[in-house]
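For reference, the structure is listed below as structure tokens.
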Amino acid sequence: MARKKKGDLVNGWVCLDKPVGMGSTQAVSFVRRLFNAQKAGHAGTLDPMASGILPIALGEATKTVPYLMEADKVYRFTVRWGQRTASFDLEGEILEQDDLRPTEAEIREVLPQFIGEIEQAPPAFSAIKVDGQRAYDLAREGVEVELEARPVVVHDLTLERILSADEAEFRLHCGKGTYVRAIARDLALELGVLGVVSALRRERVGGFDINLSAGVEKLEDLRHRDAALDALLPVETALDDIPALPVTEDEATRLKQGREIPLSFSRTQTAEDALKIRSKSGKSEHGRTLWAHRDGDIVALGELRLGQFYPTRLINL
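Residue 8 in our numbering sits at position 12 of the sequence shown; the count goes up by one each step and never skips.
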């Protein structure tokens, strides 16, 4: 006999407004315990020093995590001038200090260089794996890690305000794989000064934003009132940029059996047009993926091929 899983069958997303000091793994454990969920995971690590949006998947929503990983993100961050640390934030060892400070005009002049498709070398203190180990683990052990530059997309980078001669606040709208600390590092380098990230907040991940979020205190309050499910978002929230495919009841039944369904010429054309729009936004992964739904309830994720929809992930709600 199969062992019964511990916990309840809870399916959906929690848009956690993670506080500073809590790690991503801690956040997942907290939400999983709060909902007594059998299964949980997260989309996109957020450092303990950072706050903001950390989407946490429960149950069947974990099947949609890969589709959220390539979503655009929006960050608000502060750079403190005059310091360089090993981690390019305030948590690292201070390696160098000076009194050079950029002017507002100088900052605004260099920002356009960081917009578009740019080459970025990830910081050594990152989650990228090197020979099977996380780069940040190697860096903490004193091992020198030099990660190769890779292309990333920055949709926008703006100077929001000058907080003081020592600090400036920025807003970054970027694609998958962009590191805020690397942006701060390269920005300071271009300005000819030293700089580190002194504050970082993620304001959006795909369709998850501050308006949908709930903090730790709010979630605990909901649990005490036996209303935790009020914070649960639908599984398809993670698929805001994946085209939807309405299906009939018979087609939904066929998909749940793992069988493909044929589409008419008009339905195929509508789906193809939606996929082209997504492709123009720069999203290359899952380029043929649609999510099928019956009256708004997700049934499956799959691919469109030659006028047929082939299920690749079944969602059992």
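Beta carbons are placed, not taken as given, at the ideal position from N, Cα and C, and that holds for glycine.
Check your understanding: Of the choices Ile90, Lys276, Ala240, Cys170, whose alpha-carbon is the least far from that of glutamate 66?
Key -> Minimum Cα-Cα distance from glutamate 66 among the listed residues Ile90, Lys276, Ala240, Cys170 corresponds to Cys170.
**Study point:** Rounded Cβ spacing between alanine 164 and valine 231 (contact assumed at less than 8 Å)
**Key:** Not confirmed; about 40 Å, so no contact.
**Study point:** Top-ranked residue by Cα proximity to proline 307, from Ala178, Pro258, Ser209
**Key:** Of the candidates Ala178, Pro258, Ser209, Pro258 places its Cα closest to the Cα of proline 307.
Check your understanding: Helix, strand or coil for serine 20 per DSSP?
Key -> Note: serine 20 maps to helix in three-state DSSP.
Check your understanding: phenylalanine 73 bridges to which residues according to DSSP?
Key -> DSSP, once it has assigned bridges, lists Phe166, Leu196 as partnering phenylalanine 73.
**Study point:** Every unbroken beta strand (DSSP E) inside the stretch 223 to 304 [3 residues or more]
**Key:** Runs found: 240 to 242, 285 to 290, 293 to 301.
**Study point:** valine 150, DSSP secondary structure in three states
**Key:** In this structure, valine 150 counts as strand in the three-state DSSP scheme.
Review point. What residues are listed by DSSP as bridge partners for isoleucine 111?
Key: Under DSSP, isoleucine 111 takes part in no beta bridge, so it has no partner.
Review point. What residues in its chain sit with their C-beta under 8 Å from that of arginine 301, if we drop five residues either side in the sequence?
Key: Around arginine 301: Arg284.
Practice item. Would you kindly work out how many angstroms separate the C-alpha atoms of methionine 18 and glutamate 102, rounded to a whole number? Key: Distance from the CA of methionine 18 to the CA of glutamate 102, rounded to the nearest whole angstrom, comes to 35 Å.
Check your understanding: Shortest alpha-carbon distance to aspartate 43 belongs to which of Ile206, Gln253, Phe84?
Key -> Cα-wise, what sits closest to aspartate 43 is Phe84.
Exercise for review: Indicate the three-state DSSP secondary structure (helix, strand or coil) for lysine 14 in the structure shown.
Suggested key: In the structure shown, lysine 14 adopts extended strand secondary structure according to DSSP, grouped into three states.
Practice item. Check each candidate in Ser260, Ala270, Glu186 and name the one with the smallest Cα separation from aspartate 236. Key: Nearest to aspartate 236 by alpha-carbon distance, out of Ser260, Ala270, Glu186, is Ala270.
Point to revise | CB contact flag (leucine 251, alanine 288, <9 Å) | key: With respect to alanine 288, leucine 251 sits close: the two C-beta atoms are nearer than 9 Å.
Practice item. Within 10 angstroms of the Cβ of valine 16, are there 16 or more other Cβ atoms? Answer buried if so, exposed if not. Key: Classification for valine 16: exposed.
Practice item. Would you check if the distance between the CB atom of glutamate 399 and the CB atom of valine 70 is smaller than 9 Å? Key: Outside the shown range of the chain (-3 to 313) lies residue 399, about which nothing can therefore be said.
Exercise for review: Please report the Cβ distance between glycine 78 and leucine 190, rounded to the nearest whole angstrom; I am assuming they are in contact, meaning their Cβ atoms lie under 8 Å.
Suggested key: About 6 Å separates the CB atoms of glycine 78 and leucine 190; that is less than 8 Å, so the two are in contact.
Review point. Which one of Ala39, Ile90, Ala180 has the shortest CA to CA distance from proline 118?
Key: Residue Ala180 holds the alpha-carbon nearest to the alpha-carbon of proline 118 among Ala39, Ile90, Ala180.
Point to revise | Neighbourhood of glycine 202 by C-beta, 6 Å cutoff - its chain only, sequence neighbours within 5 removed | key: Here the set comprises Leu64, Ala67, Asp236.
Exercise for review: Evaluate asparagine 7 with the Cβ neighbour count: other Cβ atoms within 10 Å of its Cβ, from every protein chain shown; 16 or more gives buried, anything less gives exposed.
Suggested key: It is buried - the Cβ of asparagine 7 has at least 16 other Cβ atoms within 10 Å.
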